[in-house]
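Residue numbers (the UniProt record's numbering): 1 to 112.
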């Protein structure tokens, strides 16, 4: 089992999760984070830290798409271990439906 970041992270990109991850398995895109499924040790400390509730265990139903997205982009984006400020308008996007189709960017973030 692993944890995955889902679409509610998009445009919110809170980074509370990266600060608590003991194995540094988060990777940063332009407007979201992902978890490398082969590096995640299933400790679960990141899940309650996410204000947007965007982190889920892959055992929950209908998360196959997110496991694929996390695995693909963790290979392309830089590692992030340092918490930075969320976008100024993050709260505006928290909980919005259809964020992947509307806002997802394949561009990488800055990483550490």
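A virtual CB, placed ideally from N, CA and C, is assigned to each residue, including glycine.
If you draw a straight line from the Cα of residue 42 to the Cα of residue 58, it comes to about 10 Å. Residue nearest to residue 67 within the set 47, 34, 88, 78 is 34 (criterion: CA-CA distance).
In the DSSP annotation of this structure, residue 13 is not part of any beta strand (DSSP E), being labelled neither H nor E. Under a 10 Å Cβ-count criterion, residue 82 is classified as exposed, with fewer than 16 other Cβ atoms of the shown protein chains found around its own Cβ. Leaving aside the five residues that flank residue 107 on each side, the residues in its chain whose CB is nearer than 7 Å to its CB run, in chain order, 29, 30. DSSP places residue 31 in the coil class of the three-state scheme, outside both helix and strand.
Straight-line measurement puts the Cα of residue 11 at about 16 Å from the Cα of residue 4. One thing to note: residue 7 has its Cβ no nearer than 8 Å to the Cβ of residue 51.
Its Cα nearest to that of residue 38, the residue 70 stands out among 44, 87, 70. When only Cα atoms are considered, residue 79 and residue 85 end up about 16 Å apart.
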